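Asker: One structure coming up, written as structure tokens, with questions to follow.
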Amino acid sequence: MRTEVVCEPGDPTHPNEDFASVAVPASGQGGAVVVLDGVTPPKDGTGCLHSVPWYTARLGGALTELTVSLPDVPLAEALAMAITRTAESHAQTCDLSHSRTPQATVVLTRWSGATVEYLVLSDSALLVESTDGTVTALLDDRLSRLPRTSLSTDAIADATVRNKEGGFFTAAADPSVAARAVTGVLPRAEVRAFAALTDGATRWVEKFHEGNWADCFDLVRKEGAGALVARVRALELADTERRFLRRSKTHDDATVVYVEL
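So in our numbering, spot 34 of the sequence shown is number 73, and the numbers just go up one at a time.
This is the structure:
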């Protein structure tokens, strides 16, 4: 088995809000990947005393432990348990009902000798390569299908579509959002490799249109996760007229986890 992890901050002077872990049980029969993309907080606060990196570390740590120690618990249930555990750790000091209480997108993958399970919540991506070479993008595309008017400002998005029916969902303080995630199970014998990416890395496909998902996966497999992030950074710097990035931040935290089974 081959694994590779790259987790690079968008701004080296600010804490990275992404989280990534790869866990391989001692039995050698499987493993788990956790990738979180913390949602950058607005300038007027989140109602929480803690930072987004604090939240992603707590949630990511809980998910890593639960997905490995409870192999028979479905990933959505493990996510709900991790959200509850994290919420309880700061419920007495913070306003967890705030629309921008620290939150994150989620990609989970867990494999055994027989299956590969997956969960995707919000706009990170999981790319899966089958044994015949086909690459499938497993996505939660609710955010991309929303009208741009509903996302025109943070205030409008928070009031109308963030963690709301008909909008999009992230892991925050409400464990019920785990049931909204895109989930599934694949036969282990049909999966050759997979890559989990936060949207700082998926920009290569989704913003700069340098290739499709299969091209993106091929780049990671052949040149490495760091090569994808490096290419994204070069494209960001070249977009001086904001033709592709528009209102997006110039650099975003970028995480790529590649696993070859």
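Virtual Cβ for every residue (Gly too), placed ideally from N, Cα, C. The structure presented is a predicted model; accordingly, all values stated were derived computationally and were not measured.
#1: When DSSP builds the beta bridges, which residues end up paired with Leu178?
#2: What does the Cβ neighbour count give for Ile195, buried or exposed, with the cut at 16 atoms within 10 Å?
#3: Which whole runs of the beta strand (DSSP E) in the region 215-246 are 3 residues long or more, in chain order?
#4: Which partner residues does Tyr157 have in the DSSP bridge list?
#5: Name the two residues that bound the continuous alpha helix (DSSP H) containing Asp254.
#6: Below 8 Å on the Cβ atoms is my contact criterion, and I expect Val221 with Leu190 to pass it. Report the Cβ-Cβ distance as a whole number of Å.
#7: Find the nearest neighbour of Leu158 within the set Val78, Ala235 and Ala62, judged by alpha-carbon distance.
#8: How far does the alpha helix (DSSP H) with Val78 in it extend, from its first residue to its last?
#9: What's the C-alpha gap between Asp180 and Leu160?
#10: Residue range of the beta strand (DSSP E) that Asp57 falls in?
#11: Sort Pro80, Leu166, Pro51 and Ala218 by Cα distance to Glu116 and report the nearest one.
#12: At the level of alpha carbons, what is the spacing between Asp213 and Val91?
#13: What separation, rounded to the nearest whole angstrom, lies between the Cα atoms of Ser163 and His53?
#14: So which of Leu88, Glu299, Ala126 and Gly69 has the shortest CA-CA distance to Gly10?
#15: Can you tell me the Cβ-Cβ gap for Asp57 and Thr294, rounded? I've got them flagged as a contact below 8 Å.
#16: At which residues does the alpha helix (DSSP H) containing Val91 begin and terminate?
#17: Please state whether the Cβ-Cβ distance between Cys87 and Leu135 is less than 9 Å.
#18: What would DSSP say about Gly70, mapped onto helix, strand or coil?
#19: Any idea if Glu168 is buried or exposed, counting beta-carbon neighbours within 10 angstroms, 16 or more meaning buried?
#20: What does the alpha-carbon distance come out to for the pair Gly206 and Leu118?
#21: If you reduce the DSSP assignment to three classes, tell me which class Val268 lands in.
#22: In whole angstroms, what separates the C-alpha of Ser108 from that of Val155?
#23: Quick check on the burial criterion: 16 or more other C-beta atoms within 10 angstroms. Buried or exposed for His129?
#24: Would you kindly report the start and end of the unbroken alpha helix (DSSP H) that includes Thr199?
#25: For Ala59 and Tyr94, which I take to be in contact (beta-carbon distance under 8 Å), what is that distance rounded to the nearest angstrom?
#26: Use the C-beta contact count for Asn55: other C-beta atoms within 10 angstroms, 16 or more gives buried, fewer gives exposed.
#27: The alpha helix (DSSP H) with Glu116 in it runs from where to where?
Answerer: By the coordinates alone:
#1: Ala164
#2: exposed
#3: 221-226 and 230-236
#4: Thr148 and Gly223
#5: Trp252 to Glu262
#6: With 8 Å as the limit, Val221 and Leu190 do not qualify as a contact, their Cβ atoms being about 20 Å apart.
#7: Ala235
#8: That residue, Val78, is in no alpha helix (DSSP H); it is neither H nor E in DSSP.
#9: 9 Å
#10: Asp57 to Ala62
#11: Ala218
#12: 16 Å
#13: 21 Å
#14: Not covered by the structure: residue 10. The range shown for the chain is 40 to 300.
#15: 4 Å
#16: Val91 to Ser108
#17: yes
#18: strand
#19: buried
#20: 20 Å
#21: helix
#22: 16 Å
#23: buried
#24: Asp193 to Thr199
#25: So it is not a contact: roughly 15 Å between Cβ atoms.
#26: buried
#27: Leu114 to Glu127
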